[in-house]
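All residue numbers for the sequence shown refer to full-length UniProt numbering, where the first residue is 1 and numbers rise by one. Every residue, glycine too, gets a C-beta built ideally from N, C-alpha and C. Note that the structure is a prediction, hence the values are computed from the model and not measured. Quick notes on the structure that follows.
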Amino acid sequence: MTSLTTTIGGRTFDNCMMNAAGVRCQNKQDLDALVASSAGAYVTKSATPQKRAGNPSPRMHTLPKGSINSMGLPNNGLDYYLDYVIDDQRKRPDATNFLSVAGTSLEDNLAMLHQIQESEYTGFVELNLSCPNVPGKPQVGYDFDRVNTVLDKVFEFYTKPLGVKLPPYFDLVHFDQIAAILNQYPLTFVNSINSIGNALVVDPQTERVAIRPKGGFGGIGGASVKPTALANVRGLALRLKPEIKIIGTGGILNGVDVFEHILCGASMVQIGTQFGYEGTPLFDRLAKELREIMNQKGYTNINEFRGKLKTFDD
Ligand code: SIN
């Protein structure tokens with residue numbers, strides 16, 4: 001049987017596909033559905049210390065090739081998600097999942113990570129440095145000095161497996177700069193990319209923006225971001241030390257998209273926009289489609305082609 005198994009930080013996942021934080025993972029029912037699905041793991045909605053309502057509606061709008069959103073981190077607060085992952089860990093001690101945190105300040109992130117460090121949770125934490133949708137709070141991932149400061153402070157005390165979710169970068173020098181910073185730390189993974197932030201969608205009929213928050217500015221996800229996501233996965237794969245595994249997120253609609261992310265260097269992929277449209281049956285369809293491609297090409301596991309993208313110089 002063709003295997004979709006993957007390993008990150010010494011933990012093995014039966015399936016290299018999972019949800020992306022933000023979509024259908026905000027409450028217990030959503031997370032239970034993911035546990036019952038064929039996804040290899042789940043990630044919880046990015047938590048802030050306290051419950052947050054997020055931005056006013058309309059805050060998400062479907063586009064012909066994806067979506068624009070400015071949700072503003074609506075979530076049930078860290079305690080809710082930490083209780084959920086600990087309860088799940090007690091029931092399924094062999095399963096590793098991802099707890100996402102996205103403080104809107106360094107102090108909030110450190111306080112949440114202290115709470116997680118002191119808890120019995122031993123799974124992965126995804127530190128979201130890339131939410132573009134909190135008014136007045138720039139994306140940390142675009143401020144390289146700030147990323148350095150955050151990771152310095154985090155790794156003064158945090159010893160459990162941790163990764164960061166990054167925004168997309170658009171210049172090869174920025175790939176060099178962020179990779180040089182990330183390589184200094186014992187990160188388990190990086191997740192690339194979050195939505196392409198601060199885009200604007202205009203409705204020519206009404207002559208108005210498509211979403212209410214931030215005057216219409218929001219993050220783009222879905223099919224149209226795939227080339228940017230692949231560039232970021234590839235750009236980081238070529239620069240990060242091999243211990244830091246890459247989770248590829250962005251523009252995955254079908255098995256070919258998963259295959260391309262893995263070719264670029266992803267050890268796992270996350271699906272956001274399309275998971276929102278299809279729900280958990282998506283993971284069965286993607287697994288079937290990826291297996292078909294692998295069978296046609298004679299691959300029996302994903303390590304046989306992970307990161308092996310060819311260029312015209314090869
Ligand atoms: C949001 O809640 O605004 C989306 C979270 C993110 O993009 O990180």
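Which of helix, strand or coil DSSP assigns to residue i
i    : result
R11  : strand
L236 : helix
G22  : coil
Y208 : Before going on, a small fix: residue 208 reads as Arg here, not Tyr. If DSSP states are grouped into helix, strand and coil, R208 belongs with the strands.
N295 : helix
Q50  : coil
D30  : helix
N191 : strand
F157 : coil
E118 : helix
I252 : coil
D143 : coil
G270 : It should be noted that the sequence gives Gln, not Gly, for residue 270. The answer is strand: DSSP assigns Q270 an E or B state.
N301 : coil
N109 : helix
D176 : helix
Anticipated Cβ contact below 8 angstroms, residue i with residue j, distance rounded
i           : j    : result
V101        : L127 : 6 angstroms
M17         : G40  : 6 angstroms
S192        : G66  : About 17 angstroms separates the two Cβ atoms, so there is no contact after all.
residue 334 : G218 : Past the edges of the chain, shown from 1 to 314, lies residue 334, and the structure says nothing about it.
T44         : A21  : 7 angstroms
Proximity test, residue i beta-carbon vs the ligand SIN heavy atom, cut-off 7 angstroms
i    : result
A210 : no
L166 : no
M18  : no
N69  : yes
P74  : yes
G54  : yes
C264 : no
C131 : yes
N198 : no
N15  : no
G215 : no
S3   : no
A36  : no
A237 : no
N128 : yes
G219 : yes
G66  : no
S46  : yes
A102 : yes
G136 : no
G248 : no
G22  : yes
Nearest neighbour of residue i, chosen from the options [CA to CA]
i    : options                : result
I244 : D313, L31, S267        : S267
G279 : L253, L290, Q296, I262 : L253
V23  : G197, F275, F175       : F275
K310 : E260, E207, D14, T44   : E260
L4   : Q296, L286, T96        : L286
S38  : A47, K288, G123        : K288
F98  : M112, Y121, K214       : Y121
G136 : D313, G222, T104, P204 : T104
G272 : Q115, L182, F283       : F283
A47  : H61, N27, M60          : N27
G123 : I246, L162, A179       : L162
T159 : G9, Q270, F217, D145   : G9
V173 : I302, Y277, F144, T96  : F144
S119 : Y81, G141, E156        : Y81
The ligand MG heavy atom lying under 7 angstroms from the CB of residue i
i    : result
N194 : The ligand MG is not part of this structure, which contains only the ligand SIN.
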